[in-house]
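Working notes for the structure below.
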Amino acid sequence: MIKKLNIKQFIVYILITAASLTMIMPLLWMLSASFKPETEVFAFPIQWIPETFLWSNYVHVWTEYPFLNYYINSIKIAVAVTALQVVTCSMAAYSFSRIQYPERDKIFFGYLSTMMIPYQVIMIPQFMIMRNLGLMDTHLALILIGAFAPFGVFLFRQFFITIPMELSEAARIDGCSEFSIYATIILPLAKPAMATLIIFTFIASWNDFLAPLIYINSEEMKTLQLGMRNFQTLYDSNYAQLMAASVCAIVPTIIVFLFTQKYFINGIATSGLKG
Amino acid sequence: MTTSNKISTRQRNRINGYLFLLPNIIGFAIFTFIPVFMSLIISFSDWDGFSEMNFIGLGNYIRLFSDHVFLVSLKNTLIYTLGSVPFIILFALLVAVALNQGIRGVKFFRAAFFIPHVTAALAIAAVWQLLYHPTVGPINNVLMSLGMDNPPLWLSSSSYAMLAVIIMTIWKRMGYFMVMFLAGLQGIPEVLYEAADIDGASKFRKFIHITVPMLSPVMFFSCIMAIIQSFKVFSEIYALTQGGPGYATNVLVYNIYIEAFDNFNFGYASAQSYILFIIILVVTLLQFRGQKKWVNY
Chain A
-2 MIKKLNIKQF
8 IVYILITAAS
18 LTMIMPLLWM
28 LSASFKPETE
38 VFAFPIQWIP
48 ETFLWSNYVH
58 VWTEYPFLNY
68 YINSIKIAVA
78 VTALQVVTCS
88 MAAYSFSRIQ
98 YPERDKIFFG
108 YLSTMMIPYQ
118 VIMIPQFMIM
128 RNLGLMDTHL
138 ALILIGAFAP
148 FGVFLFRQFF
158 ITIPMELSEA
168 ARIDGCSEFS
178 IYATIILPLA
188 KPAMATLIIF
198 TFIASWNDFL
208 APLIYINSEE
218 MKTLQLGMRN
228 FQTLYDSNYA
238 QLMAASVCAI
248 VPTIIVFLFT
258 QKYFINGIAT
268 SGLKG
Chain B
11 MTTSNKISTR
21 QRNRINGYLF
31 LLPNIIGFAI
41 FTFIPVFMSL
51 IISFSDWDGF
61 SEMNFIGLGN
71 YIRLFSDHVF
81 LVSLKNTLIY
91 TLGSVPFIIL
101 FALLVAVALN
111 QGIRGVKFFR
121 AAFFIPHVTA
131 ALAIAAVWQL
141 LYHPTVGPIN
151 NVLMSLGMDN
161 PPLWLSSSSY
171 AMLAVIIMTI
181 WKRMGYFMVM
191 FLAGLQGIPE
201 VLYEAADIDG
211 ASKFRKFIHI
221 TVPMLSPVMF
231 FSCIMAIIQS
241 FKVFSEIYAL
251 TQGGPGYATN
261 VLVYNIYIEA
271 FDNFNFGYAS
281 AQSYILFIII
291 LVVTLLQFRG
301 QKKWVNY
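Those protein sequence lines, which keep their order, are chains A and B.
Residue numbers are given in our numbering: position 199 of the first sequence equals residue 196, and the series is strictly consecutive.
Residue numbers are given in our numbering: position 7 of the second sequence equals residue 17, and the series is strictly consecutive.
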């Protein structure tokens, strides 16, 4: 019986290892190609570990191409969007979950139902509004459209409702203002929700492509994803460098994910939202 | 005294409630809520975003029915969805069940399957373009070494480009749903299986009568999500094929983008975006109705 189980487990291990290797193979190929001379990129059979490690592809990407500028732009936008979302979303969620007023749930339902509306529906009027505000080709445009997402409100609300109401009641009796209850009691308790939102928002903002494509024109304002697109068209035939650039574009999110797996997975499990 | 106190508490709650909403609601109203209605209005016009708005009633919507490119984009979106979603769900389920057997290294395997989901579409597309390279790409090299003389041209062939995009999509998205299924599986109470063991149920019967029903809410939600995601695919198409070759991978959202920001047909693009919205609405409502039949809560 024990032997049989072991064989079964063994087969599961083999299958799952094979499957997971298949999954990461394209990324390993990318990593491997990024260290190769151009002539060896397509060598077959694939030589996974390059004969001589070539750092020059990376050097080129960072020195002869404004990758650093793209990086800084992307970080700036992602940090601003994330910080604003944490504040505005947690406050709205506080209102939706811990203050009683008659219209509350109706407003919440209306607010939440807009999550179903595809971005394409609002993208043209949003573009018009930004143009009228004179915010074309600015990072502020990208920050503003990212700062008020319903997802964060939903996430915080899910968490806030699990905190006992007695906690707020006691603080109110002690004469605490609503804002200080929010800021000093409830928000510090919601650190897991906050961590989840920060990770989600950072990764989503970092990977966003459509909004920068619409709003950003000038070279020095471009985000990393737009820069990638540039790189792809400009360096069409230099595949090794293209792979080095691609590695640079995905490494931050992979690192963030690996270090925060727990929160990320929990975030998906509890909210199931955001694709 | 008590009454007035009560009223003032209620009033204070309402004021506080709205004050806390304010920072978010203002931005939300300006950049999301109002635009939803603005685009509906724009969809009844032939506006180009610059000249005067000229209302043409249902003109844009009528034009859609005879617009070959739009109809092709709709068909392509459907093919893309039907070609990817079932496999995404199936593979995600299989991997989640395998990972839930109490094997070691779950964290490693989970990460391996999930990483494609957190990587930027543009970088991913760059790699897959090379993998799919018709003459020197690794995929065709493998196919040729397996004895296939004329392997597909993938992205440069109008009959294989969509398949190529679908394969990449399955690879990129299945990890997300696998994680949802895994969380769902781990949420099934162990006692149910223990009770079934006492009744002498087989593994297969336990899967059909416990796992599947208990997982059905997650399955249901995942299906909606996967379908809606597929209808909204953009970056992958933009980076991988630009809708081509010809119109072979021209999907709805890509078409909307081109109509809006390449051709500046804001009115026509808005009408198309409302078609997208209606489709998503219908899918969601159908799913919610169907859910009563097969989902256990």
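Glycine included, each C-beta is placed from N, C-alpha and C at the ideal position.
Between the region 273 to 284 of chain B and the region 63 to 77 of chain B there are three or more inter-stretch CB-CB distances shorter than 8 Å, so the stretches are counted as touching.
CA-to-CA, the gap between residue 188 (chain A) and residue 152 (chain B) works out to about 48 Å.
The beta carbons of residue 146 (chain B) and residue 39 (chain A) sit about 4 Å from each other, so the pair counts as a contact at 8 Å. Contact between residue 82 (chain A) and residue 198 (chain A) holds: their C-beta atoms lie close to 5 Å from each other, under 8 Å.
Taking residue 144 (chain B) as reference, the option from B:250, B:80, B:164 with the minimal CA-CA separation is B:164. With a threshold of 9 Å between beta carbons, residue 122 (chain A) makes contact with chain B. Of the other Cβ atoms in all chains shown, fewer than 16 fall within 10 Å of the Cβ of residue 158 (chain B); this residue is therefore exposed. At a cut-off of 9 Å, the C-beta of residue 78 (chain B) has no neighbouring C-beta in chain A. About 15 Å separates the beta carbon of residue 185 (chain B) from that of residue 228 (chain B), a gap too long to meet the 8 Å contact definition. For the region 216 to 238 of chain A, the set of positions with a beta-carbon nearer than 7 Å to some beta-carbon of chain B reads 222, 225, 226, 229, 236 in chain order. Contact residues of the region 7 to 22 of chain A toward chain B are 9, 10, 12, 13, 16, 17, 20, 21 (C-beta to C-beta distance below 7 Å). For residue 291 (chain B), at least one C-beta of chain A is nearer than 9 Å to its own C-beta. Sixteen is the threshold: when 16 or more other Cβ atoms of the shown chains lie within 10 Å of the Cβ of residue 79 (chain A), as they do, the residue is buried. Going by DSSP, residue 208 (chain B) is part of the alpha helix (DSSP H) stretching over 200 to 208. Cα atoms of residue 260 (chain B) and residue 199 (chain B): separation of roughly 46 Å, rounded to the nearest angstrom. For residue 203 (chain A), the enclosing alpha helix (DSSP H) stretches over residues 188 to 204. Chain A has no Cβ within less than 9 Å of the Cβ of residue 170 (chain B). Listed in chain order, the non-local C-beta contacts of residue 242 (chain B) below 6 Å within the same chain comprise 263, local neighbours out to five positions each way being set aside. The residues 174, 178, 250, in chain order, have a CB closer than 8 Å to that of residue 138 (chain B) in the same chain once the five nearest residues on each side in sequence are set aside. Residues of the region 134 to 161 of chain A that bring their beta carbon within less than 7 Å of a beta carbon in chain B comprise 141, 142, 144, 145, 150, in sequence order. Across the region 189 to 207 of chain A, CB contacts with chain B closer than 8 Å involve 200, 203, 204, 206, 207, in sequence order along the chain. In this structure, the CA atom of residue 140 (chain A) is about 36 Å from the CA atom of residue 77 (chain B).
Assignment of beta-bridge partners to residue 55 (chain B) by DSSP yields B:65.
Here DSSP, grouped into helix, strand and coil, assigns residue 41 (chain B) to helix. Rounded to whole angstroms, residue 56 (chain A) and residue 209 (chain A) show a C-alpha spacing of 26 Å. For residue 6 (chain A), same chain residues with a beta-carbon under 6 Å away, outside a window of 5 residues either side, do not exist. Listed along the chain, the chain B residues whose CB falls inside 7 Å of the CB of residue 255 (chain A) are 121.
Around residue 92 (chain A), the beta-carbon contacts reaching into chain B at under 7 Å are 27, 30, 31.
At a cut-off of 9 Å, the C-beta of residue 219 (chain B) has no neighbouring C-beta in chain A. When only Cα atoms are considered, residue 270 (chain B) and residue 4 (chain A) end up about 58 Å apart. Contacts with chain B at 9 Å (Cβ-Cβ) include residue 108 (chain A). The DSSP assignment places complete alpha helix (DSSP H) segments of no fewer than 4 residues inside the region 150 to 207 of chain B at 171 to 196, in order along the chain.
No Cβ of chain B is located within less than 9 Å of the beta carbon of residue 62 (chain A). The beta carbon of residue 94 (chain A) sits closer than 6 Å to the beta carbons of 154, 157, 158 from its chain, once the five residues preceding and following it are set aside; these are given in chain order. Of the residues assessed, residue 120 (chain A) falls on the buried side of the cut-off, its CB having 16 or more other CB atoms within 10 angstroms. The C-alpha of residue 256 (chain A) lies about 12 Å from the C-alpha of residue 117 (chain B).
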